[in-house]
Amino acid sequence: MENQSNSIDAIKRNADRYDNIESAKRFLEGIAGTSHRAARHKKEYDAVSQFLQHPYVSTNNAVLDIGCSGGRYIQLFITNGFRPCGVDTSMTALRYANSLFGQSAVFSNASATHLPFKEDVFDIVLCVELLHHFDDCYLEKILGEISYLIKPGGTLICDVRNSLNPVLWHSYRKRDGRHFTLKTRSIFKMIKILKKCGFEVLYRKSLFFPISIFAPYVILFCKYGPDRKVLDTDVGRAVEEDSGIACGESQGATAEEFSMSSVKGH
Ligand SMILES: C[S@@+](CC[C@H](N)C(=O)[O-])C[C@H]1O[C@@H](n2cnc3c(N)ncnc32)[C@H](O)[C@@H]1O
Numbered sequence: 004m005e006n007q008s009n010s011i012d013a014i015k016r017n018a019d020r021y022d023n024i025e026s027a028k029r030f031l032e033g034i035a036g037t038s039h040r041a042a043r044h045k046k047e048y049d050a051v052s053q054f055l056q057h058p059y060v061s062t063n064n065a066v067l068d069i070g071c072s073g074g075r076y077i078q079l080f081i082t083n084g085f086r087p088c089g090v091d092t093s094m095t096a097l098r099y100a101n102s103l104f105g106q107s108a109v110f111s112n113a114s115a116t117h118l119p120f121k122e123d124v125f126d127i128v129l130c131v132e133l134l135h136h137f138d139d140c141y142l143e144k145i146l147g148e149i150s151y152l153i154k155p156g157g158t159l160i161c162d163v164r165n166s167l168n169p170v171l172w173h174s175y176r177k178r179d180g181r182h183f184t185l186k187t188r189s190i191f192k193m194i195k196i197l198k199k200c201g202f203e204v205l206y207r208k209s210l211f212f213p214i215s216i217f218a219p220y221v222i223l224f225c226k227y228g229p230d231r232k233v234l235d236t237d238v239g240r241a242v243e244e245d246s247g248i249a250c251g252e253s254q255g256a257t258a259e260e261f262s263m264s265s266v267k268g269h
């Protein structure tokens, strides 16, 4: 129980850390942090961009970006003809993204741990630069949420900070908890957790090193298996009447970290 409340504190700290306009603007431009981070953001962006060009990806696909910040990927989706939905705990980031892309996208203030959407709504779910902030139990919770709202056969694009890369493992171990949670996990462990939640990794894109087993960062393109629903309850899910996609102010969520972050935005 103590571990869990520590983890909720950590989730709040992570969310607070990004809840400012500078962060939203920098993430929109892909220039947040050091030049190494900017290079990583570019590689991630290019990988997602390339995926969208695949012939089996249709612009009719409903797309969700979890941890959308200022809307870098929302913009990419719009440019490619989608009408995406963005979720973030930061109201500041959402207001900013909405002011730029609100005509062509919908935004929802929610935590990845409690996503206010209907079952089987999205064809593609993007969750990059976020999952390394969560302990395993919360990672599973998030994947469980995604498994609820993603359609069978849908694609999840996520990333892993690979502990089998010794430099990354060491650097994250030193920095973990100073400002926020930084978790590495081995690519094998990540694949195992994904599998447990119904996701099969179809393709791995290694960044900064050609062999994914030892690459520091790996983007995972996963397919959601049709008969593997993790969540069997529907606790307080809010639905926007006309789009079939929930949006607006964190409706329906009951989690402590979620309510805190939504209240903060006002
Ligand atoms: C490192 S930024 C990544 C932004 C974007 N995905 C990208 O790759 O450029 C992490 C974003 O996730 C948001 N965030 C933090 N905790 C969250 C949570 N529990 N649920 C949803 N979003 C969260 C932050 O507010 C921030 O905008």
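Numbering (the working numbering), first residue to last: 4 to 269. Just so it is clear, CB atoms sit at the ideal spot from N, CA and C, and this is done for glycine as well. These figures come from a predicted structure and were not determined experimentally.
Under the 10 Å beta carbon count, H182 is surrounded by fewer than 16 other beta carbons and is classified as exposed. The count of Cβ pairs closer than 8 Å, one atom from the region 150 to 168 and one from the region 217 to 225, reaches three, so the stretches are in contact. Around the beta carbon of F202, 16 or more other beta carbons lie within 10 angstroms, which makes this residue buried.
Bridge pairing for Y227: F202 [DSSP].
By the Cβ criterion, the region 129 to 149 is not in contact with the region 92 to 104, since fewer than three pairs of Cβ atoms, one from each stretch, lie closer than 8 Å. Cβ contact annotation for C200 (same chain, cutoff 7 Å, sequence separation greater than five): E143, L146, G147, S150, V233, in chain order.
Around the CB of P119, 16 or more other CB atoms lie within 10 Å, so the residue is classed as buried. Only exposed fits N63, as fewer than 16 other CB atoms lie within 10 angstroms of its CB.
Judged by the Cβ position, H44 qualifies as a neighbour of ligand 1 at the 8 Å threshold, a heavy atom of the ligand being closer than this.
Taking a contact as a CB-CB distance under 8 Å, the pair I77 and A108 counts as one, their CB atoms being some 5 Å apart.
Bounds of the alpha helix (DSSP H) holding R75 are 75 to 82. Relative to L197, the option among G36, Q53, K226 whose CA is nearest is K226. Taken atom to atom, the span from the alpha-carbon of Y59 to that of A50 is near 16 Å.
D179 carries a coil assignment under DSSP once its states are collapsed to helix, strand and coil.
A Cβ-Cβ distance of about 5 Å is found for the pair T184 and H136, placing them in contact under the 8 Å criterion. Proximity of the beta carbon of F54 to ligand 1 is not indicated: no heavy atom of the ligand is located closer than 8 Å. Between L103 and G73, the C-beta spacing is below 9 Å. Annotated as proximal: F125 and V66, with beta-carbon spacing under 9 Å.
S114: not part of any alpha helix (DSSP H); DSSP gives it neither H nor E.
Within 8 Å of the C-beta of H136 there is at least one heavy atom belonging to ligand 1. Judged by DSSP secondary structure, T158 falls outside any alpha helix (DSSP H) and instead within the beta strand (DSSP E) spanning 153 to 164.
For V66, the enclosing beta strand (DSSP E) starts and ends at 66 to 69. Taking the Cβ of G33 as the reference point, at least one heavy atom of ligand 1 falls within a distance shorter than 8 Å. For I127, the enclosing beta strand (DSSP E) has its first and last residue at 125 to 130. Not one heavy atom of ligand 1 falls within 8 Å of the beta-carbon of R178. Excluding five sequence positions before and after R20, the CB atoms of its chain that fall closer than 7 Å to its own CB belong to H182, F183, given in chain order. Per DSSP, D138 is not a residue of any beta strand (DSSP E), being assigned neither H nor E.
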